[in-house]
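First residue of the sequence shown? That's 1 in this note's numbering, and the numbers climb one at a time after it. Built from N, CA and C at the ideal position, the CB exists for glycine as well. Data block below; observations after.
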Amino acid sequence: IVTKVKETKEEIYSKDLKLKAIIYADNVEKEETREKTITLIKNSLNIIQSCTIPDGESINEMEEFAYKIIVDSKGTETKEGIKISFVDDFPQELRLQKIVMLKNSKEEEEKNGYQIEDNKLKIETEVGDGSKTEIYIYVKVKYLEQDTKITNKITATANQKNIELNSISHTL
């Protein structure tokens, strides 16, 4: 039996497939099996990057703001978490202040879940089915020359697939 699920309605991430067999011999029904239900699960991730200062806006020297990443796992209870890694090509013009994670609305300041190597900020987290994680990367602008453009680009990796998020740019 081959089953293909082409499209699902928005917010529906599981589908029950009911199977029942009728066995025939010499064109005569001999046996009927009980109905068996198999649940097909389609889990998905929605990742959004934004900033407390809108993209394209001007920023001031020494201004503080935050990049925000929302990871929303739409799925059913498979009890499997999805490990996600974020790599931020952290702009040299910014100074990292702190990282805060909200997992299902519970705030945790990250002290160990990230590292900075070669000006790349690496953050790792795990998101369970049907849960939401918000990551806030608080930064402060260093002393810079006028008209300096700052661009931040983050890449996520989940289930061995790279996901490029949008770039966010500001001008001093």
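Would you give the residue range spanned by the beta strand (DSSP E) that residue i belongs to?
| i | result |
| --- | --- |
| K142 | First-last for K142: undefined, no H or E at that position. |
| M62 | Note, M62: premise wrong, no beta strand (DSSP E); not H, not E. |
| T52 | From DSSP, T52 is part of no beta strand (DSSP E); its letter is neither H nor E. |
| N152 | 149-158 |
| L121 | 120-127 |
| N162 | 161-171 |
Within a Cβ cutoff of 7 Å, which residues of the same chain sit near residue i, ignoring the five residues on either side of it in sequence?
| i | result |
| --- | --- |
| V127 | V71, S73, G81, I82, I84, T133 |
| N162 | T155 |
| G56 | S169 |
Between which residues of its own chain and residue i is the CB-CB distance below 6 Å, once the five residues before and five after are set aside?
| i | result |
| --- | --- |
| I38 | L17 |
| E32 | I22 |
| C51 | Y67, I168 |
| T157 | S85 |
| L102 | E134 |
May I ask you to report which of helix, strand or coil DSSP gives residue i?
| i | result |
| --- | --- |
| I70 | strand |
| R34 | coil |
| A25 | strand |
| Q92 | coil |
| S131 | coil |
| S85 | strand |
| S44 | strand |
| K18 | strand |
Could you say which of the options lies nearest to residue i if we only look at CA atoms?
| i | options | result |
| --- | --- | --- |
| F90 | N159, A25, I150 | I150 |
| E124 | V100, L94, K106, L96 | V100 |
| K122 | P54, L19, I137 | I137 |
| N60 | Q160, Q146, N152 | Q146 |
| Y114 | E64, E35, L96 | L96 |
| L144 | L45, S58, D129 | S58 |
| V139 | G56, R34, V28, E64 | E64 |
| L45 | G56, V141, I69 | I69 |
| K142 | K106, M62, D129 | M62 |
Would residue i and residue j be called neighbours here (beta carbons separated by less than 8 Å)?
| i | j | result |
| --- | --- | --- |
| I116 | Q49 | no |
| E93 | T148 | yes |
| I47 | L165 | yes |
| L19 | K30 | no |
| N104 | S131 | yes |
For residue i, which residues in the same chain have their Cβ closer than 8 Å to its Cβ, ignoring the five residues on either side in sequence?
| i | result |
| --- | --- |
| K120 | V87, D88, D89, F90 |
| R34 | K20 |
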